[in-house]
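S.K.: Dumping the structure here so I can ask a few things about it.
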Amino acid sequence: MKWEHILKDYLTYLKLERGLSINSINSYELDLLKLINFLKVKSILATPLTIDQETLQLFLYEIAKELNSRSRARIISGLKSFFNYLIFEDYRKDNPTDLIEAPKIGRKLPETISVEEIDQMIAAIDLSKAEGERNRAIIETLYGCGLRVSELTNLKISDLYFDEGFIKVTGKGDKQRFVPISDYNIKYITIYKDQVRCHQEIKPEASDTLFLNRRGAQLTRAMIFTIIRQLAEKANIRKKISPHTFRHSFATHLLENGADLRAIQQMLGHESITTTEIYMHVDRTYLREVLETYHPKKT
Numbered sequence: 026m027k028w029e030h031i032l033k034d035y036l037t038y039l040k041l042e043r044g045l046s047i048n049s050i051n052s053y054e055l056d057l058l059k060l061i062n063f064l065k066v067k068s069i070l071a072t073p074l075t076i077d078q079e080t081l082q083l084f085l086y087e088i089a090k091e092l093n094s095r096s097r098a099r100i101i102s103g104l105k106s107f108f109n110y111l112i113f114e115d116y117r118k119d120n121p122t123d124l125i126e127a128p129k130i131g132r133k134l135p136e137t138i139s140v141e142e143i144d145q146m147i148a149a150i151d152l153s154k155a156e157g158e159r160n161r162a163i164i165e166t167l168y169g170c171g172l173r174v175s176e177l178t179n180l181k182i183s184d185l186y187f188d189e190g191f192i193k194v195t196g197k198g199d200k201q202r203f204v205p206i207s208d209y210n211i212k213y214i215t216i217y218k219d220q221v222r223c224h225q226e227i228k229p230e231a232s233d234t235l236f237l238n239r240r241g242a243q244l245t246r247a248m249i250f251t252i253i254r255q256l257a258e259k260a261n262i263r264k265k266i267s268p269h270t271f272r273h274s275f276a277t278h279l280l281e282n283g284a285d286l287r288a289i290q291q292m293l294g295h296e297s298i299t300t301t302e303i304y305m306h307v308d309r310t311y312l313r314e315v316l317e318t319y320h321p322k323k324t
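Residues 26 to 324 (this note's numbering) make up the sequence shown, in order.
Here it is as structure tokens:
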């Protein structure tokens with residue numbers, strides 16, 4: 026069986042059976058394509074049904090020259106998943122990755138920015154330009170609702186339940202959740218929607234999409250990254266800031282101000298509370314202040 030055929034079936038399985046997002050599926054595909062390319066370059070005649078542990082180790086030694094431990098661990102995890110799929114479909118009886126250990130990696134803490142830094146970025150927006158109000162609404166929504174970048178770009182006007190104080194968000198695996206939205210955030214979305222967006226010529230397929238580019242089409246993930254990077258530069262913020270930084274900051278600031286971890290989990294759309302617990306990294310100085318303020322035997 027050829028790699029291309031089984032890869033196509035595997036990607037369909039990831040989409041339909043496991044309900045993974047397009048971005049996750051693309052990552053699995055790219056990692057397996059690295060393996061396929063390695064086999065071609067080295068002229069190794071191995072199929073998905075015959076490849077063995079030794080060949081996989083050679084591949085991993087090769088990629089270790091250019092990838093960090095976190096990336097290698099991700100690839101090994103993806104290979105284990107792929108061969109488990111082959112066993113599940115009765116293509117193989119064994120998993121050649123069973124004895125391959127992933128490199129140990131430390132848990133990476135999320136990058137966050139302060140409310141003051143967010144305000145600096147918003148102040149850097151040129152509201153005299155047509156896209157100014159849109160960009161302000163984007164920043165306020167990323168931070169105010171803790172959205173993933175794909176959730177923001179896919180947000181529809183029909184998903185806005187402002188009277189009830191919620192927006193409907195479609196997350197990973199097309200799972201939907203209702204996220205509360207503040208009056209402050211509603212204000213800036215409404216300004217953009219009613220004073221800027223309504224004057225655009227909008228492409229038919231984007232008629233219900235909230236955030237549009239200058240051509241009246243849905244904004245891309247790459248464009249959101251560009252907007253944020255440029256604003257950070259204008260605000261003279263040296264940190265590496267991405268759309269996800271606002272999501273991390275949203276969760277961290279809520280936690281620091283006493284929000285319940287389960288509530289944060291629901292707002293972020295995490296299936297497991299373990300994923301949300303990464304936000305328990307709150308600054309040690311803050312934890313010390315909590316101890317000194319609230320512990321009954323503080324003196």
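From the three backbone atoms N, C-alpha and C, an ideal C-beta is built for every residue, glycine too.
Only a predicted model underlies this, so the values are computations on that prediction, with no experimental measurement involved.
Mind checking which residues open and close the beta strand (DSSP E) that includes Lys193?
M.R.: Taking the first residue of the sequence shown as position 1, residue 193 is located at position 168. Phe191 to Thr195 is the extent of the beta strand (DSSP E) around Lys193.
S.K.: In chain order, what residues of the same chain lie with their CB nearer than 8 Å to the CB of Gln201, ignoring the 5 residues before and after it?
M.R.: Looking up residue 201 in the sequence shown gives position 176. Around Gln201: Lys193, Val194 and Thr195.
S.K.: Can you give the Cα-Cα distance for Lys212 and Arg240, rounded to whole angstroms?
M.R.: Locating residue 212 in the sequence shown gives position 187, where the first residue counts as 1. Locating residue 240 in the sequence shown gives position 215, where the first residue counts as 1. Those two C-alpha atoms are separated by around 24 Å.
S.K.: Could you check if Ile182 is buried or exposed, using at least 16 other CB atoms within 10 Å of its CB as the buried criterion?
M.R.: Residue numbering aside, residue 182 sits at position 157 when the sequence shown is read from its first letter. The residue is exposed, with fewer than 16 neighbouring Cβ atoms inside 10 Å.
S.K.: Compute the Euclidean distance between the alpha carbons of Leu293 and Ser68, then round it to the nearest angstrom.
M.R.: Taking the first residue of the sequence shown as position 1, residue 293 is located at position 268. Taking the first residue of the sequence shown as position 1, residue 68 is located at position 43. Answer to the nearest angstrom: the Cα atoms are 46 Å apart.
S.K.: For Tyr168 and Arg97, what's the separation of their Cα atoms in angstroms?
M.R.: Position 143 of the sequence shown, counted from the start, is the residue given in the question as residue 168. Position 72 of the sequence shown, counted from the start, is the residue given in the question as residue 97. Between Tyr168 and Arg97, the C-alpha separation is close to 31 Å.
S.K.: Per the contact definition of three or more C-beta pairs closer than 8 Å, is the segment 214 to 231 in contact with the segment 149 to 163?
M.R.: yes
S.K.: Under 8 Å, do Lys197 and Ser94 count as touching if we go by C-beta distance?
M.R.: Start at 1 with the first residue of the sequence shown, and residue 197 comes out as number 172. Start at 1 with the first residue of the sequence shown, and residue 94 comes out as number 69. No, they are not a contact pair.
S.K.: Which one or two residues does DSSP pair with Thr234 in a beta bridge?
M.R.: For the purposes of this step, residue 234 is identified with residue 209 of the sequence shown, where counting begins at 1. BP columns for Thr234 point to Lys181.
S.K.: My output table needs one value for Tyr186: the three-state DSSP class, helix, strand or coil.
M.R.: Here residue 186 corresponds to residue number 161 of the sequence shown, with the count starting at 1. Three-state result, Tyr186: strand.
S.K.: Quick test of the definition: if touching needs 3 or more C-beta pairs under 8 Å, does the segment 119 to 126 touch the segment 63 to 83?
M.R.: Judged by Cβ distances under 8 Å, the segment 119 to 126 makes contact with the segment 63 to 83, as three or more pairs qualify.
S.K.: What distance in whole Å lies between the Cβ atoms of Arg246 and Val174, which are believed to be in contact at a cut-off of 8 Å?
M.R.: In the sequence shown, the residue the question calls residue 174 occupies position 149. In the sequence shown, the residue the question calls residue 246 occupies position 221. Indeed they touch by this definition, with Cβ atoms about 5 Å apart.
S.K.: What separation, rounded to the nearest whole angstrom, lies between the Cα atoms of Thr37 and Glu114?
M.R.: The sequence position of residue 37 within the sequence shown is 12, counting from 1. The sequence position of residue 114 within the sequence shown is 89, counting from 1. About 13 Å.
S.K.: Going by beta carbon distance, what residues of the same chain come within less than 6 Å of Asp233, once the five residues before and after it are set aside?
M.R.: Position 208 of the sequence shown, counting from 1, holds the residue named residue 233. Taken in chain order, the residues that qualify are Lys181, Ile182 and Ser183.
S.K.: Taking just the CA atoms, how far does Leu177 sit from Pro229?
M.R.: Counting from one through the sequence shown, the residue named residue 229 turns up at place 204. Counting from one through the sequence shown, the residue named residue 177 turns up at place 152. Going from the Cα of Pro229 to the Cα of Leu177 covers about 19 Å.
S.K.: Assign Thr251 to buried or exposed, taking buried as 16 or more other Cβ atoms, counted over all protein chains shown, within 10 Å of its Cβ.
M.R.: Start at 1 with the first residue of the sequence shown, and residue 251 comes out as number 226. Burial check for Thr251: the Cβ neighbour count within 10 Å stays below 16, so the residue is exposed.
S.K.: Taking the alpha carbon of Ile163 as the reference point, which residue from Tyr209, Glu91 and Glu126 has its own alpha carbon closest?
M.R.: Within the sequence shown, residue 163 is the residue found at index 138, counting from 1. It is Tyr209.
S.K.: For Ile125, which of Ser102, Ile147 and Tyr110 has the nearest alpha-carbon?
M.R.: Taking the first residue of the sequence shown as position 1, residue 125 is located at position 100. Out of Ser102, Ile147 and Tyr110, Ser102 has the C-alpha closest to the C-alpha of Ile125.
S.K.: Hey, out of Ser274, Tyr116, Tyr86 and Leu85, whose CA is closest to Thr72's CA?
M.R.: Within the sequence shown, residue 72 is the residue found at index 47, counting from 1. Cα-wise, what sits closest to Thr72 is Tyr116.
S.K.: Return the CA-CA distance between Lys325 and Leu32, expressed in angstroms with no decimal places.
M.R.: Residue 325 lies beyond the residue range present for the chain, which begins at 26 and ends at 324; the question has no answer from this structure.
S.K.: Give me the Cα-Cα distance between Leu55 and Asn238, rounded to the nearest whole angstrom.
M.R.: Within the sequence shown, the letter at position 30 stands for residue 55. Within the sequence shown, the letter at position 213 stands for residue 238. Straight-line Cα distance between these residues: approximately 29 Å.
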